[in-house]
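Chains A and B supply the protein sequences, listed in that same order.
Residues 1 to 189 (the numbering used here) are what the first sequence spells out, left to right.
Residues 190 to 542 (the numbering used here) are what the second sequence spells out, left to right.
See below for the structure under consideration.
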Amino acid sequence: MASGTSEIQGKVILSASEVRRALIRIAHEMLERNGGPQGLALVGIKKRGVQIAHRLAGALEAIEGQPIDVGGLDPRLYRDDLEVAGTKPVQPTEINFDVENRPVVLVDDVLYTGRTIRAAMDALIDFGRPASIQLAVLVDRGHRELPIRADFVGKNVPTAGNEAIRVLLQELDGEDSVLLVRTPEEESV
Amino acid sequence: MARTRNAVATREAPPARRSRKGPVTKTPEGISPSTQPELWTGPDRHLLDLDHVSTQEITEILRSTDGMKEVLSRRVRKTPALRGKTIVTLFFEASTRTRVSFEQAGKVLGADVINVTASASSVTKGESLLNTVRTLESMHVDVLVIRHPHSGAPYFVASHIDAPVVNAGDGTHAHPTQALLDLYTIESHLGGVAGKKIAIIGDLLYSRVARSNLWGLTKMGANVVVYGPPTLMPPELDNAEGLDGVVRAASMEEAVDEADVVMMLRIQRERQAAGHLPSMREYSRVYGLNARRLKLAKPGALVMHPGPMNEGIEISPDVAHGAQAVIEEQVANGVAVRMAVLYMLAARGASGR
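Put into structure tokens, the structure is as follows:
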């Protein structure tokens, strides 16, 4: 139903409407957990996490009727694998609001080893001291290498090492869907 | 080093690849990439000039510079990207902005930066360049930044060291990070350099800035017009292979006319003993940029200068500090560009070990 125009072959895990429903559910969970939208800020991890953060903010605004701060963050300079991280350009981080003493939700498309989230937390803390840092992901595929867990998950997908998750988003890929694909290599984050 | 002034003309493949060991004491004139393509395979671990850097790679460095500029605008200007890495700047020539720029770039990325200047090192005791470099390498240098008065010296060093080497200016040959920061500065104002008229005016013969800029600007599609005293124009310019789009102007007016960017070069008074010019006064009158001449360029055209400026000689003070000058911005962008370069090369160095 969703992967009609996709060039990537794989098993559809989430269709467009399932992605939409998952994000609306996560928005409600965020409000429940934080007792409302007061002070809440979302920071997406580049690049697909930024689009997802904007959609979550849209859902929160639709429910609560008040604007939510959204930022985008490139954790590349904080990663622990320079020889891989340094092969792609560093993108500007856009956090144009104060994170000090506010609950900040990091948003990413796929949670895998947890190393990107570790780097993102370090990057975020360079901008101030949030009251709390929470994590929302569209897909948790397991295989954690650090003691990190997500607070809000669209879907848990047990995967094998030779599989990867491809998240397609309307804004970047022309359609919404999440695919499970086979790959000889590790998924690049 | 024998090569001094024909770097523009011969698109040589410098003997700087890791695969080639052994002393390289002669210049590689006559060696073109087409005769030795195996020496050039993909992204290099060194940045010695822009002639061998692909347009895609230049674009990636410029995009990464956007990210680095954002880091420089933060309250906490420090990241752990190169924590535990050592960058050595080895300067055999006087420099303020370039050395400080590299040092700041390395420190913002979290590296340890060690500055070595020739006048305060064992070079004054007669140590050779090769032995100096070997000494530094045995101390585990992760990136070596070198400036040297002899053209080609960084190529020689790069062929003898495993660490990535950045050329911070060699004689009259190349200054690639200056060309990258000039590209970045133009791009940030004009949206790109493709199709823009860039006038480069002054002493092209002795200018490493101009040489690297010719490569960078033409690769990215700019229309480059050059003008200067006939005695200070490299004769090889006319038949330089790969420098398509470089035109010699017949007059200052023709060079500046409708230009999007006017890039003035420094008259290197320390190199003028050879008698290329009758007098500084005449130079200023014929080849200097003043407000009247700048009016011939497009409205809002950018005025650039690699510094340090000889105000009143190649550029009048009112133009140098006027609304169209982006000279201080060039310096600021230099730090971000060098961060992008150091980060990219340190990653390549790390992956090779």
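Backbone N, C-alpha and C fix where the C-beta goes; we use that ideal spot for every residue, glycine too.
- Contact check for Pro418/B and His465/B: beta-carbon distance about 7 Å, within the 8 Å limit, so the pair qualifies.
- When the five nearest sequence neighbours on each side are left out, the beta carbons in the same chain lying within less than 6 Å of the beta carbon of Leu325/B are those of Val277, in order along the chain.
- With a cutoff of 8 Å on beta-carbon distance, Ile456/B and Met493/B are scored as not near each other.
- Taking a cut-off of 8 Å on C-beta distances, the region 332–346 of chain B does not touch the region 372–383 of chain B, as fewer than three cross pairs fall below it.
- Around the Cβ of Ser253/B, a 10 Å sphere holds 16 or more other Cβ atoms; the residue is buried.
- Per DSSP, Asn402/B is one residue of the alpha helix (DSSP H) stretching across Arg397 to Lys408.
- Residue pairing by DSSP leaves Tyr476/B without any beta bridge partner.
- For the region 516–533 of chain B, the set of residues with a beta-carbon nearer than 9 Å to any beta-carbon of chain A comprises Met528, Ala529, Tyr532 and Met533, in chain order.
- Lys155/A: member of the beta strand (DSSP E) spanning Phe152 to Asn156, first to last residue.
- Taking the CA atoms as reference points, Met452/B sits about 16 Å from Met409/B.
- For chain A, the residues of the region 235–261 of chain B that bring a beta carbon within less than 9 Å of one of its beta carbons are Thr248, Glu249, Ile250, Leu251, Arg252, Ser253, Thr254, Asp255, Gly256, Met257, Lys258, Glu259 and Val260, in chain order.
- For Tyr373/B, the enclosing alpha helix (DSSP H) stretches over residues Pro365 to Leu379.
- Among the residues of chain B, those whose CB is under 9 Å from the CB of Gln91/A are Arg252, Ser253, Asp255, Gly256 and Glu259, following chain order.
- Distance between Ala85/A and Ser348/B, taken at the CA atoms: about 26 Å.
- For the set Lys47/A, Glu64/A, Arg55/A and Leu106/A, the Cα lying nearest the Cα of Leu23/A is the one of Arg55/A.
- With respect to chain B, the C-beta atom of Glu83/A has a partner C-beta closer than 8 Å.
- At a cut-off of 8 Å between beta carbons, Pro495/B makes no contact with chain A.
- When DSSP reads this structure, Asn162/A sits in no beta bridge, so it has no partner.
- Three or more Cβ pairs closer than 8 Å define a contact, and the region 479–498 of chain B falls short of that threshold against the region 526–540 of chain B.
- By the CB criterion at 8 Å, Leu124/A and Val99/A fall inside the cutoff.
- Interface flag for Ser311/B against chain A is unset, since no Cβ pair is found closer than 8 Å.
- By DSSP's assignment, Asp108/A forms a beta bridge with Val137/A.
- Ranked by how close their Cα comes to the Cα of His143/A, the residues Ala119/A, Thr113/A, Leu172/A and Ser132/A have Thr113/A in first place.
- Taking C-beta atoms as the reference points, Asn402/B and Ala368/B count as a pair closer than 8 Å.
- For Leu14/A, there is no enclosing alpha helix (DSSP H); the enclosing beta strand (DSSP E) has its first and last residue at Lys11 to Leu14.
- Leu454/B is not a Cβ neighbour of Ser540/B, given a cutoff of 8 Å.
- Residue ranges of uninterrupted beta strand (DSSP E) with 3 or more members, entirely inside the region 50–130 of chain A and ordered along the chain, are 69–73 and 103–111.
- Flagged as an interface residue toward chain A: Ser540/B, by a C-beta distance shorter than 8 Å.
- Scanning its chain for C-beta atoms nearer than 6 Å, with the 5 sequence neighbours on each side dropped, one finds around Glu282/B the residues Arg336 and Pro338, in chain order.
- With respect to chain A, the C-beta atom of Val265/B has a partner C-beta closer than 8 Å.
- Closer than 8 Å to the CB of Thr361/B there is not a single CB belonging to chain A.
- Ala300/B is outside the set of residues whose beta carbon lies under 8 Å from a beta carbon in chain A.
- In the DSSP assignment, Val450/B falls within the unbroken beta strand (DSSP E) covering Val450 to Met453.
- Taken in chain order, the members of the region 267–285 of chain B whose beta-carbon sits within less than 9 Å of a beta-carbon on chain A are Lys267, Thr268, Pro269, Ala270, Leu271 and Lys274.
- For Asp108/A, no Cβ of chain B is located within less than 8 Å of the residue's own Cβ.
- In the pairwise beta carbon analysis, the region 71–91 of chain A is classified as touching the region 114–121 of chain A: at least three pairs are separated by under 8 Å.
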